[in-house]
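*Asks:* Each residue of the sequence shown is one higher than the last, beginning at 1 in full-length UniProt numbering.
The structure is given below, and queries will be raised subsequently.
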Amino acid sequence: YLNDIEHDRRSPSSSHLIREFSGILNIPEDYLFALAGRLPDDLRREASDPEKVVRAFANFRKTLKE
């Protein structure tokens, strides 16, 4: 299962699983959510305003390019 995740053949099926891996592997949750191509539950609930989401992604891209 982990090998499939590492080779993009599967995505972790739940936020709970990502959080568990984070604790066990001592890797930040947000990083694992990004690698899994998912938003954490708290951000998904807050993503109701399209303009805020677009601004957030623009800031995210800018930060990654620094």
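Just so it is clear, CB atoms sit at the ideal spot from N, CA and C, and this is done for glycine as well.
For residue 26, report the span of its alpha helix (DSSP H) as first-last.
*Replies:* Neither: residue 26 is in no alpha helix (DSSP H) and is coded neither H nor E.
*Asks:* How should residue 33 be labelled, buried or exposed, when 16 other C-beta atoms within 10 angstroms of its C-beta is the threshold for buried?
*Replies:* Counting Cβ neighbours within 10 Å, residue 33 comes out buried, since at least 16 surround it.
*Asks:* Would DSSP call residue 66 helix, strand or coil?
*Replies:* In this structure, residue 66 counts as coil in the three-state DSSP scheme.
*Asks:* Below 6 Å CB to CB, which residues in the same chain sit around residue 10 once its five sequence neighbours on both sides are set aside?
*Replies:* Closer than 6 Å at the Cβ level, and outside the excluded window around residue 10, lie 4.
*Asks:* From residue 62 to residue 31, what distance separates their C-alpha atoms?
*Replies:* In a straight line, the C-alpha of residue 62 is about 17 Å away from that of residue 31.
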